[in-house]
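Below is one structure; the comments refer to it alone.
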Amino acid sequence: MLKRIHHVAIICADYAVSKYFYTQCLGLKIIAEHYRAERDSYKLDLALPDGGQIELFSFPSPPARPSFPEACGLRHLAFAVDDLDDCVQALAAQGIVLQAIRVDEYTGQRFVFFTDPDGLPLELYECKPA
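Right under this line is the structure:
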């Protein structure tokens with residue numbers, strides 16, 4: 096029935112800041128960008144290398160996302176990477192604060208958390224053969 100995740104939708108507080116973060120810091124490619132005047136809202140479609148997408152939305156005065164303590168709902172968004180150390184180094188060089196690298200106790204794979212400009216938890220998960 097379900098084949099894969101097609102897209103994840105994210106609402107941001109500052110469109111320009113989030114657009115820069117997802118395109119320049121994380122390197123996602125722009126598929127399409129639309130301004131919807133009737134909603135005073137941008138919709139930015141971003142491509143992941145595997146065909147998945149992120150839809151970045153802006154809306155006037157969106158409510159803050161409850162994060163700490165963790166609320167019900169989507170906990171975080173995780174991206175698969177080949178080399179965690181290279182990714183951490185590249186993001187840190189851009190001033191992005193990352194937590195300490197951890198090891199998944201069940202798979203033995205390494206991962207790290209950081210946040211987008213609105214505090215949405217993001218994860219890099221190193222996918223290497225066992």
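Residue numbering for the sequence shown is 96 to 225, as defined by our numbering.
Backbone N, C-alpha and C fix where the C-beta goes; we use that ideal spot for every residue, glycine too.
The region 172–186 and the region 203–218 touch, with three or more beta-carbon pairs separated by less than 8 Å. In this structure, DSSP gives Q184 a helical state, which the three-state scheme calls helix. Ranked by Cα distance from L151, the first of Q189, Y137, A187 is Y137. Nearest in C-alpha terms to F154, of all of E133, Y115, K98, M96, is E133. If only complete runs of 3 or more residues are kept, the region 121–208 shows the beta strand (DSSP E) at 124–131, 136–142, 148–153, 172–176, in order along the chain.
Looking at the backbone, the Cα of F116 and that of L97 are separated by about 30 Å.
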